[in-house]
Every structure is written in C-alpha cells, then in structure tokens.
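Down below is the structure, laid out as structure tokens.
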C-alpha cells in the first residue's frame, strides 16, 4: 500500500496508471505513424528518381530533361543553333536546366507536403 506523505497534502504517491497508459498508447501510435510515413516517403523517393521533368529555352531550340532526383538525363539542341555563338547556346542550356530543376523541386515539395499532411495533418497530440 502506498505511503501518504504529509508534504503532498495527503495525496498518495501511487499512480492510477490512467494517464501513463494514455501516453504510452499515444507514443505507440506516433511511432507506428512515423514508420508508415517513412515507408511511403522512401517509396516516393524511388518513384521520383524515375520521373522526368523537362524545360525548353530559346523558343524550344534547347530542351533539357532532368529526373526527380535532380540529375540531368538529356540535353537536346536543335540543329538551328549550329551557327549560333557558343555563349548564347550555353545560356539557353543553363536557362532550360534551371527551369527543369525548379519543376522537379516544386513537384517533390508538393508531393512531400501531401504525404506529411496525410500522416500529420489530423494528428491530435492531446493538447
């Protein structure tokens, strides 16, 4: 039997366990949710590496294709640019590459947010 201590206003040191059980359940639920979210994020990362994003510049004479993991997969330069100055072609490649990378980053950010909201959006931490 728990000993009552006068300094605690006669309250028993023995815990009923109700709040402790609730906290344990909440922690287990949070851990399970985290594991599910991590699995889905890993699957998404794998899919993202296969997804392609493209952008053009110079009215379509330069096209750059990047993958979702931000790797340049292809650069297509029209024959129309054969007589163009190197610096102009280089600038078109840079512009198309930056735009394609931005598209890939934007897609990743939006999809990651959707996954996060799926698991964390309605999370009630009892507060």
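In full-length UniProt numbering, the protein residues as written are 1 to 127.
Cβ atoms here follow ideal geometry from the backbone N, Cα and C, with glycine treated the same way.
None of these values were measured; they are calculated from a predicted model.
- Around the beta carbon of residue 24, fewer than 16 other beta carbons sit within 10 angstroms, so the residue counts as exposed.
- Residue 93 and residue 117 have their C-alpha atoms roughly 36 Å apart.
- Residue nearest to residue 67 within the set 47, 83, 28 and 110 is 47 (criterion: CA-CA distance).
- Distance from the Cα of residue 76 is smallest, within the candidate group 69, 58, 70 and 85, for 58.
- In this structure, DSSP gives residue 116 a helical state, which the three-state scheme calls helix.
- Between the stretch 30-38 and the stretch 48-57, the count of C-beta pairs closer than 8 Å stays below three; the two stretches do not touch.
- The residues 66 and 70, in chain order, have a CB closer than 7 Å to that of residue 101 in the same chain once the five nearest residues on each side in sequence are set aside.
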